[in-house]
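What the sequence shown shows, in full-length UniProt numbering, is residues 1 to 221, in sequence order.
One structure below.
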Amino acid sequence: IVRLDGVDAFGRANEVAIVKVPRALPRLIPMPQKIAGKQRLFVSISSIVRAHLAELFPGREVTEFSQFRVTRNSDLAVDEEDVINLRMALRQGLHHRHYGQAVRLEVSASCSAVLANVLLQQHGLPQQALFRVKGPVNMVRQMQLIDLVDDPALLFSPWKPAWPRQLVAGRSVMEQMRKGDVLIHQPFEDFDAVLELLREAVNDPQVLAIKQTIYPHRFRL
């Protein structure tokens, strides 16, 4: 978000503007070797945009700039009894999650009260939902460094998961679960225990349905 002074070529004196960065652009840009030398240096795309704001608003004075991030309610409420096509309902629900009710606003620590209040009002949020961040507003973007810097010395050694302590290997998982709940902590405990449970369930004629909640694997550990 940018705060401007003066008027544009059409005589408009709008004070605030939002600069959108296309999602297709990388958030971290490697610096050329003639600048970085023997080092591996990266610059965030927000820093590049900030350095060239004057070119985006010719004739205007950029008096303030701040990154911001909005967290939205992404709950997916689907009534299985009322929908005819559950798959289609889930697909539509996932599409609309990006437009859910805003619940939190994060801004740069240096963001003025004027810009912060504009964003709060725009998203219908109270002051209690405002959080000031020292450093990058979205730290998730720094995960790109894992792929940009191919250096095994910067990574942890691959973790070899162990078989869950609550289960005896080689025995029926379903039989053991009948004696009590089994909590598996992944990725520290082997996912093969879950696969074995599914194999048993598929081949058990008394099993009528198998339901699971699947979460996306976003980042490499």
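Quick reminder that beta carbons are idealized off the backbone N, C-alpha and C, glycines included.
Item                                                                                                                                                  : Value
Let me confirm a value: Leu115 is counted as buried when at least 16 other C-beta atoms fall within 10 Å, else exposed. Which label applies?          : buried
Tell me where the alpha helix (DSSP H) around Ala201 begins and ends.                                                                                 : Asp192 to Asn203
Quick one: give me the first and last residue of the alpha helix (DSSP H) that Arg50 is part of.                                                      : Ile45 to Ala51
Under the three-state reduction of DSSP, which class applies to Ala102: helix, strand or coil?                                                        : strand
What did DSSP end up calling Arg132 once you bin it into helix, strand or coil?                                                                       : strand
Using DSSP bridges, identify the partner residues of Ile29.                                                                                           : Val43
By the 10 Å Cβ neighbour count, where 16 or more other Cβ atoms means buried, how is Val168 classified, buried or exposed?                            : exposed
Tell me the DSSP secondary structure of Leu221 in three-state form.                                                                                   : Caution applies to Leu221, whose pLDDT of 40 falls short of 50 and renders its modelled position unreliable; the model cannot decide the point.
So what does DSSP say about Asp5, is it helix, strand or coil?                                                                                        : strand
Pair every Cβ in the stretch 167–185 with every Cβ in the stretch 146–155, then say whether three or more of these pairs are closer than 8 angstroms. : no
Measure the alpha-carbon distance for Pro26 versus Pro136 and round it to whole angstroms.                                                            : 15 angstroms
Would you kindly work out how many angstroms separate the C-alpha atoms of Val103 and Leu120, rounded to a whole number?                              : 10 angstroms
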